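Contents: one structure, followed by commentary.
Number of protein chains: 4
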Amino acid sequence: MFFEVVHQTGLSHMSYIIGGRGKAVVIDPRRDCEIYIDIARRHDARIIHIFETHRNEDYLSGSVDLARFTGAEIYHGRRLPFKFGNPVRDGEVFHAGSGKIIVLETPGHTDESISLAFADTAFSTEPIAVFTGDTIFVGGTGRTDFYPERAEEMAGMLYDSITEKLLALGNGVIVHPAHSAGSLCGAGIAAREFSTIGYERMHNPVLRASREQFIRQKLDEQHYKPPYFQRMHALNLQGRTELGRVPKPSPMNPDEFAAAIQDGMYVLDVRSAEAYGGASIPGSQAMPQQLIGRYAGWHCPYDRAIGLVAENETQAGEAVVLLLRMGYDSVKGCLAGSMNAWEKSGREFQSIPGIHIYDVLRRIEAGEEFLVLDVRTKAEFDRQHLPNAVNMYVGTIQQHVHELPENMPLVTFCGSGRRAMVAASILKQHGFSDVRDCLGSASALEAVEGRTITVG
Amino acid sequence: MFFEVVHQTGLSHMSYIIGGRGKAVVIDPRRDCEIYIDIARRHDARIIHIFETHRNEDYLSGSVDLARFTGAEIYHGRRLPFKFGNPVRDGEVFHAGSGKIIVLETPGHTDESISLAFADTAFSTEPIAVFTGDTIFVGGTGRTDFYPERAEEMAGMLYDSITEKLLALGNGVIVHPAHSAGSLCGAGIAAREFSTIGYERMHNPVLRASREQFIRQKLDEQHYKPPYFQRMHALNLQGRTELGRVPKPSPMNPDEFAAAIQDGMYVLDVRSAEAYGGASIPGSQAMPQQLIGRYAGWHCPYDRAIGLVAENETQAGEAVVLLLRMGYDSVKGCLAGSMNAWEKSGREFQSIPGIHIYDVLRRIEAGEEFLVLDVRTKAEFDRQHLPNAVNMYVGTIQQHVHELPENMPLVTFCGSGRRAMVAASILKQHGFSDVRDCLGSASALEAVEGRTITVG
Amino acid sequence: MFFEVVHQTGLSHMSYIIGGRGKAVVIDPRRDCEIYIDIARRHDARIIHIFETHRNEDYLSGSVDLARFTGAEIYHGRRLPFKFGNPVRDGEVFHAGSGKIIVLETPGHTDESISLAFADTAFSTEPIAVFTGDTIFVGGTGRTDFYPERAEEMAGMLYDSITEKLLALGNGVIVHPAHSAGSLCGAGIAAREFSTIGYERMHNPVLRASREQFIRQKLDEQHYKPPYFQRMHALNLQGRTELGRVPKPSPMNPDEFAAAIQDGMYVLDVRSAEAYGGASIPGSQAMPQQLIGRYAGWHCPYDRAIGLVAENETQAGEAVVLLLRMGYDSVKGCLAGSMNAWEKSGREFQSIPGIHIYDVLRRIEAGEEFLVLDVRTKAEFDRQHLPNAVNMYVGTIQQHVHELPENMPLVTFCGSGRRAMVAASILKQHGFSDVRDCLGSASALEAVEGRTITVG
Amino acid sequence: MFFEVVHQTGLSHMSYIIGGRGKAVVIDPRRDCEIYIDIARRHDARIIHIFETHRNEDYLSGSVDLARFTGAEIYHGRRLPFKFGNPVRDGEVFHAGSGKIIVLETPGHTDESISLAFADTAFSTEPIAVFTGDTIFVGGTGRTDFYPERAEEMAGMLYDSITEKLLALGNGVIVHPAHSAGSLCGAGIAAREFSTIGYERMHNPVLRASREQFIRQKLDEQHYKPPYFQRMHALNLQGRTELGRVPKPSPMNPDEFAAAIQDGMYVLDVRSAEAYGGASIPGSQAMPQQLIGRYAGWHCPYDRAIGLVAENETQAGEAVVLLLRMGYDSVKGCLAGSMNAWEKSGREFQSIPGIHIYDVLRRIEAGEEFLVLDVRTKAEFDRQHLPNAVNMYVGTIQQHVHELPENMPLVTFCGSGRRAMVAASILKQHGFSDVRDCLGSASALEAVEGRTITVG
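Chains as they are written, first to last, in my numbering: chain A, 1 to 456; chain B, 1 to 456; chain C, 1 to 456; chain D, 1 to 456.
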């Protein structure tokens, strides 16, 4: 019996393949799905079942392609009218080798959410593991705010699903959730990716609450919902996710790149915050590679060609994969020779200087006129922030940028200086000329002060 | 400036990518064309031109996919009505970076054959290299028998193309032909893949002949034309060669494999001759992996699903690639667990014992009643063969197998024992029960005798 | 936090790397240890602790090299005088990032065996997983027969270790043992590689026994101990396991290979049983690649150069790795061109024909004079065997081969026909000429009869 | 027959492997030599001869390791007392398969330089190719200034070697030199890597000169000699180049990295110039990855531990390889999490702002007080430079930095802005606070002006 976790790093997503005796099952495949076939073949196995624990909102599913390439069948919860695959209901059973999968309907995150208990029939028909999708995470639970008007109902349903279906499986059952820390789909998730029902029962803070407390807590959670979720919803429901071959960005020289910009190409710069700060193309969007999964979906348009600025072809190729997982299939190419080529062409470039937290504090103390724009979530901001800071979430800054005073010197601020660069590039797009990024931001502040910041 | 040779091993084919300053040119791309994009990207370059030196007959072109993936333009000789790409004529010039490509019409192998002279304009407009397609090879020349009724005319045209267009380029020009030793597309090709006009002028035996001698020699050449060439012709002319993703064979367990055989699946066994001889599925076709390029096209049908028997998933995956290059897109899967799984399932297997050349000679000497079936080409056979040998070319054996006496013990024989196994498996299909493969065959004979064989 | 299992396939061994926040811990590293460094670097982490759950007997440890390459410290149980690393005692605690490792002394398999409980201090100081070494396996337990005179004592110690130390951790703790199914180091191990304390408590048959029953069961277990264990013991204790670079076998042509055989080189043929049966070098040892981990250690000498026969360079390279894990560092090279080259050189080859179970049964029924040599373990043999079968375990056949009647036709038999080929090649070495391998063996028999065999 | 070029990119070095029929020859192997073994094995061949065309001065040879790993013999010119390998003399002949290597003593670059003519005896004993080492390059010739007092003699010897030995081989011979464009070992080298004797005779500007003109030209060439050449000389002569395993840099967190700096660790920052300019560790040395081969040898010490700052582990690993080729074996580790981790730790960072050529010109025009420090070679500088520019070669800037006026605002300038960043980081080390890098530099100037610069 083989078992592997396949990650979608930027999205903190985990999919799974499990199999034996020549058969395999995949749970929540990512869009670039060749990897599951490779793993299965390495174990001399054929993928026969594909399960989607729910209609995902944060990435495009690879189920359609994977089924097409392998002949496997797709299954999802019955409470949504999927245009493809087969609906399953509570208690349905599937087999693959000695593995047995039992469907558990576990609504709450969404109505049609299912979990999948897994038994090794060579030993017992009782489950040894459960794939929990977005119901229970290690240390957390799935968000329940997708239907704002039904928020309380959804939270209650999730509580019931967890307690009646999942905890009931017994302490010795291993938990395999769909997300790890950093996901937009839940709260309180641990950095650790493995757990058991027994451990979660004891140590998952949410699960130690009563039903009412649980609902209250869920209602209190603050989640952001990037606009691209809408598109994922629709495409995943219709199964319009075909990809086939993973494309590779064409190198474009500065002339070609500049001409494409003229024609409306959107420039996404996936280099590090430091490199972007050093020199970047005016009007471009900073999006350090690690942030693509979380923040590209807030800013990138679906109806424009995308041009990448990356350190090299490898990074550009990786960015293309991260983007297509979110449905961005329109990458036209990447800047050959990176920024150095652009600079050599004599074209203009912009800089966004970094500023050390010491200097920020000094300027505050000196009463200099400038604004700290804190682009973290409201929750992070509320926990602690600099005295003269204004909060504008990095995801929604475009809508609020006009609220800022013109000509004001700005310092962007976040947890580390990265999101701050995403925001800084947007400020530049809107004509702000004196913009600096507090590299290190809240982390640096904590480090240098040896304490958290006093709220102004 | 970068330059790389991309091989299609089994077909002894060489394609080329050359480029610099962000642009690249590909000559005669193979069907699984991702590799050219990878090489170009490694050099920060975009493929802008694709040349086909002629409508290939031995493999499917990757031009259509490569153009689709990169936006490059396709060019071929103007004397065939291609359904795609652009016709070019003698003297036309193309640029890519500092590279300059000059089209030379060099008919003879086919009417629309072109060669491509390459100059590095940073130094000179005179060429430093020439891509000769199937006109001149290292040590040999392209075959001229594709239009039997025009054989003499074609040979004469080839002579003129070589002497007037290619040799005229000057001794210091490097020669990059489309094939190396082992190809079906020419004669006398060297194992070495690099040469110059100067070297060929001196050492290519064919080129030291007069026009008449040359024509005479070409007319005397004996070439076989596998039936699959017909299909390559048609598809390459129409551009119906799209592939997209390279498929991977699904592992099928013995039950599934046997059921598919019942449903008409053709079984191609790509393991070594020794493994096939040790145990194989009755009715299957032996086709050791190294021979796929040369002999699959004689035997494999295009209208049946193909099931592979390979040592492991890796070998099965490689076989799929070799087959799709010849247009076999219908591989259904491969036997999971290889022959061992089949044997464990209790199903029948066949064996084809090897026989040492000593034993063959001994049996001949002892006057035992048996037949040596020599499956080499007529030319190889004529050069030397065993006393009681009958010649039936491995490619056409199916048509002649009924000429063999029933119940006759048979020993198949070739250059090494490999083609002999291809033939032996066919004899088994036709009901011959006492079939042995002379492993080592002519090579072993030469080795043990320390001399060539006296023709009986 | 990242976690990966690293397998030594042929040995059914599992090692682990776990880490986070820039630090990593490795448990029971294999000798070719570069992979741990690669995994750690992929997670921006440095390996700081290496634990050996016990002095391994079935493979050479990579701890010394891994410590040398990374600066990590090595730890093992204190009840053996290791020449390197640091002894640890029950209750000692180590940290790496938020991970906490608690040492549990769990003697029984060996005296100095330890287990390692793992806690994620970001959540709790209570463990979420335990690395159990060779104490408890999924569905089984470690063997306790290494000190025959203390067998009962060891079994009792193991029982106490399991019940008092491991089961006491609680049902929700994940179990990570050092071996999976097929290992020589335990009994009853499941094909599945993951479990929990709770699941094992319920479904591990051994753990449901009383202390006395457990001891009785352990004493009844029949284990073989390949001679190479002795060498692993000694080298692992002294830390004489340095490897450095993983060597690659040099291709040797038939002349060179034959000359080396003359000079005493031992020939190990790692091709499939079918290929070996089809043609092999007289005097060579059949050892299909999958069997190297289990059976090479019975037969291969440590004091002779080893020459490999493999299908190709890739397989030869893999065999070298499998062999060096068992301390065979003297591979001189591999036969270039595989058996085909040997055959072409005119040298002699031998064949071992396969025989179908039908034919074996028919010959038995017809009363033909021949012997079925069943080379499975005594336990397998006792469960069921063919009427005229004699049992000689494949590992110890060399010592007993002289007991066989001369000139007797022999059919080797095992579970699938693979071990039977290992044995058949040994019979050939000892001059038996009429040797056949029942390909499929017991599996085929079961399949064709639809039932198990009646003991004669 | 197979043939492959193996590049050492940063050093513009080309080594070669050529072989067939199971044997292979390597010419001028790089230090990380595993790749030659891999190529040879892919072709079922064993490396039997290793040639060094001369004692290399710009990289450490891999001959010793390669011979150790394969059993091959090493050969070099007889006019230097190598401590290993075998001296060869003009006319000596070696064989490998059908390949024949003829030694040509071709002094000039060094006294013991040899070239290697290569013939394919299957066709002719006359050569088809020649490996020219550092005598003749594509479009250029080797430098002859290593013995300043014998410069004229060396140049004359080179002329004689080229005309009497190399050109004499005939126009149709392919030229394989040891270096391509960008090497420090020659002048005028083309970007193209392939040529022929015939082409060079016609188009290599140097070769169209008379003996006297040639000597004059060579004497006029200006070459820099990085201090690390001395060390390469010595180690390559003694054969003290053993490497074994290619090491991988350990990730170090900011605390560990900072502590190591305290202990004297030298910080080499291999990120792009833009990233370095955005934020870097005070006191570190900028060395964008592409420049390591050319400029690390001017600045990096051999007697200090080296700590890398790279974008990620992959880039750090590549930098380690580039450094070990130049004998830097003391890389201690790399900064885990790159600069972002450093910033988050609250430690200080420095910035080097980029400045556009427009702004430089504007400032010059406005008569602002500042200095353009042009760090290109004297030859580049002489060809054209900005009005107020001072030339200090990037390689030797450390010795001259004290000549600069204190407190003067500085703009570093080169061909593209990259070397300018190497220099800028050195200026920072020496206390200059107002340092900017003219990103794009001379290339940008040329692009924006549409013309070359008037010398001030």
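Cβ coordinates follow ideal geometry from the N, Cα and C atoms, glycine included. Only a predicted model underlies this, so the values are computations on that prediction, with no experimental measurement involved.
Just grab the DSSP bridge partners of residue i for me.
i	result
D/Ile114	D/Glu105
B/His76	B/Glu52, B/Pro87
B/Ile14	Looking at the sequence shown, residue 14 of chain B is not Ile but Met. In DSSP, B/Met14 forms a bridge with B/His7.
C/Val93	C/Ile102
For residue i and chain D, any beta-carbon pair shorter than 8 Å?
i	result
A/Phe51	no
C/Ser115	no
A/Leu335	no
A/Met252	no
C/Ala275	no
Is the Cβ of residue i closer than 8 Å to any Cβ of chain B?
i	result
D/Tyr199	yes
A/Lys248	yes
A/Arg245	yes
C/Met339	yes
Leaving out five residues before and five after residue i in sequence, what residues of the same chain have Cβ atoms less than 8 Å from its Cβ?
i	result
B/Asp472	Beyond the ends of chain B as shown, which are 1 and 456, falls residue 472 of chain B; an answer cannot be given.
C/Glu73	Ile48, His49, Ile50, Ala67, Gly85, Asn86
Below 7 Å CB to CB, which residues in the same chain sit around residue i once its five sequence neighbours on both sides are set aside?
i	result
A/Asp44	Gly22
B/Thr452	Note on B/Thr452: pLDDT 45, under 50, position unreliable in the model; no value is reported.
D/Val173	Pro127, Ile128, Ala129, Val130, Thr196, Ile197
B/Val455	For B/Val455, the predicted model reports a pLDDT of 34, less than 50, meaning its position is unreliable and no value from the coordinates is stated.
Chain C beta carbons: is any one of them nearer than 8 Å to that of residue i?
i	result
D/Ala310	no
A/His203	yes
D/Thr163	no
D/Ile17	no
B/His400	no
Any C-beta of chain A sitting closer than 8 Å to the C-beta of residue i?
i	result
C/Ala190	yes
For residue i, which residues from the same chain have a beta carbon less than 6 Å from its beta carbon, with the 5 sequence-adjacent residues on both sides left out?
i	result
A/Phe229	Glu57
Complete runs of the alpha helix (DSSP H) confined to the stretch 211-244 of chain C [at least 4 residues]: Correct list: 211-220, 228-238.
message: Report the start-end ranges of each alpha helix (DSSP H) in the stretch 127-208 of chain B that is 4 residues or longer and not cut off at the edges.
response: Note on the stretch 127-208 of chain B: whole alpha helix (DSSP H) runs with a minimum of 4 residues are 151-160, 197-203, in chain order.
field: Minimum length 3: unbroken beta strand (DSSP E) runs contained in the stretch 410-441 of chain D
entry: The DSSP assignment places 410-413, 435-437 as complete runs of the beta strand (DSSP E) inside the stretch 410-441 of chain D, in order along the chain (cut-off: 3 residues).
task: Mind listing, in chain order, the continuous beta strand (DSSP E) runs of no fewer than 3 residues lying wholly within the stretch 245-290 of chain C?
output: Every beta strand (DSSP E) stretch that sits fully inside the stretch 245-290 of chain C and reaches 3 residues is listed by chain position as 250-252, 266-269.
task: Quick one: which unbroken alpha helix (DSSP H) runs of 4-plus residues sit fully inside the stretch 323-409 of chain C? Chain order, please.
output: Qualifying alpha helix (DSSP H) stretches, in chain order: 338-344, 357-365, 378-383, 397-400.
task: Please list the residues of the stretch 419-447 of chain D that have a C-beta atom closer than 7 Å to any C-beta atom in chain A, keeping them in chain order.
output: Taking 7 Å as the Cβ-Cβ cut-off, the stretch 419-447 of chain D approaches chain A at Leu439, Gly440, Ser443, Ala444, Ala447, given in chain order.
- request: Name, going along the chain, the residues of the stretch 288-314 of chain C whose beta-carbon falls closer than 7 Å to a beta-carbon of chain D.
  value: Flagged, chain order: Glu313.
query: Along the stretch 96-124 of chain D, what residues have a CB closer than 8 Å to any CB found in chain B?
result: Residues Ser98, Asp120, Ala122, Phe123, Ser124.
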